[in-house]
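To keep things clear, I will list the structure first and then write my remarks on it.
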Amino acid sequence: MRLQKFIALAGVASRRRAEELIDKGRVKVNGKRVKEMGTKINPETDRVFVDDKEIKLSEERIYIILNKPVGYVTTLSDELDRPKVVDLVKEIKERIYPVGRLDYNTSGLLLLTNDGELTHKITHPSNHVYKIYTCKIGGIITKKEIEKFRSGVDIGGYVTAPAQIEILKKHRDSSLVKILIHEGKNRQIRRMMEAVNHPVIKLKRISIGKINLDNLPSGKWRYLTKEEIQYLKDL
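So the sequence shown is numbered by my numbering: it starts at 57 and just counts up by one.
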């Protein structure tokens with residue numbers, strides 16, 4: 057979106073007046089003064105200031121939790137025309153987007169919102185927001201492999217931060233484990249398990265911080281409670 061349009065939609069001034077504000081150096085984007093007309097910004101992630109006061113679009117903020125089924129992508133568009141998670145929340149008229157991502161073959165807790173600032177808080181690595189997954193894996197993980205998880209796993213040119221892993225059930229040739237991580241690298245858990253020779257059979261995220269999936273049915277969603285929203289904002 058063009059910067060002057062954003063300023064106008066935020067109710068600060070007309071577009072022509074917004075252009076004057078930009079020309080006079082009174083507008084900053086992400087802390088940097090912008091004076092070029094036609095500058096484009098991302099309304100969901102960029103922070104805009106007029107006279108050092110942050111402005112935002114006046115749209116209603118939406119916060120929902122979805123139990124993502126396997127077979128859906130978390131992108132807003134897909135070149136293969138696969139089902140998208142936003143197809144499951146068509147009742148929401150505002151434009152919302154996933155907070156972070158879950159793989160096509162991974163199910164479970166996914167947050168969706170139109171609050172770019174909150175999205176940044178949850179996804180930025182420096183905030184160390186933990187995520188918990190249940191994971192069915194091939195074979196039985198050993199104590200030595202568990203210790204490897206707790207010290208960091210080399211997933212190919214990158215050593216993960218320490219993670220927690222707990223065995224929930226053991227079967228003859230597979231096991232169910234619970235994994236807690238603070239990072240969100242692409243296919244991270246799958247790559248971690250492959251690195252210790254226990255391929256993932258089934259993966260589900262059950263919590264982000266203190267936000268829990270609980271008994272929400274697969275493919276269904278609900279609004280976050282006021283308490284849950286405040287918890288996320290306080291991160």
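Glycine residues also receive a C-beta, built at the ideal position from the N, C-alpha and C atoms. Note that this is a predicted model, so its numbers are computed, not measured.
According to the neighbour-count rule (16 or more other Cβ atoms, all chains shown, within 10 Å of its Cβ), is ARG261 buried or exposed? buried
Nonlocal neighbours in the same chain, by C-beta distance under 6 Å from LEU236, ignoring five residues either side: TYR186, ILE188 and GLN220
Determine the direct distance from the alpha carbon of LEU174 to that of LYS289, and round the result to whole angstroms. 6 Å
Grouping DSSP H, G and I as helix and E and B as strand, with all else coil, what is THR131? coil
Just confirm the distance between the C-beta atoms of LEU77 and VAL83, as a whole number of angstroms; I'd bet it's less than 8 Å. 5 Å
Comparing alpha-carbon positions, which option in PRO273, GLY265 and SER230 lies nearest ASN253? SER230
Sorted by chain position, which residues of the same chain lie with C-beta nearer than 7 Å to GLY301's C-beta, five sequence neighbours on each side aside? As displayed, the chain neither begins before 57 nor continues past 291, which places residue 301 out of reach and without an answer.
Quick test of your reading: GLU222 and VAL233, contact by CB under 8 Å. State the CB separation rounded to the nearest angstrom. 6 Å
Pick helix, strand or coil for VAL141, following the three-state DSSP scheme. helix
Would you kindly work out how many angstroms separate the C-alpha atoms of LYS315 and LYS241, rounded to a whole number? This structure cannot speak to residue 315, because the chain is shown only from 57 to 291.
Which value, in whole angstroms, describes the spacing of the CA atoms of TYR128 and LYS80? 47 Å
Mind reading off the beta-carbon distance from GLU150 to GLU201? Whole number of angstroms is fine, and I expect it under 8 Å. With 8 Å as the limit, GLU150 and GLU201 do not qualify as a contact, their Cβ atoms being about 45 Å apart.
Decide if GLY213 is buried, meaning its Cβ has at least 16 other Cβ atoms within 10 Å, or exposed. exposed
Start-to-end residues for the beta strand (DSSP E) that takes in GLU250: Segment 244-251 is the alpha helix (DSSP H) holding GLU250; no beta strand (DSSP E) there.
Beta-bridge pairing of TYR119 - partner residues as DSSP gives them: THR169
Boundaries (first-last residue) of the beta strand (DSSP E) holding LYS109: 109-111
Residues bridged to GLY164 [DSSP beta-bridge criterion]: LYS124 and ARG261
Considering only residues of the same chain and omitting the five flanking positions on each side of PRO273, which have a CB-CB separation below 8 Å? ASN123
For THR175, does the three-state DSSP call read helix, strand or coil? helix
Please report how far the alpha carbon of GLN60 lies from the alpha carbon of ILE97, in whole angstroms. 10 Å
Under a three-way DSSP split, which group does SER274 fall into? coil
Keeping to the same chain, check which residues put their C-beta closer than 6 Å to that of GLY172; ignore five residues upstream and five downstream. GLU100 and THR101
Does ARG151 come out as helix, strand or coil in the three-state DSSP assignment? coil
Smallest Cα separation from SER263: which of VAL90, LEU165, GLN244 and ARG278? LEU165
When the Cα atoms are used, what is the spatial distance from ILE285 to ARG228? 42 Å
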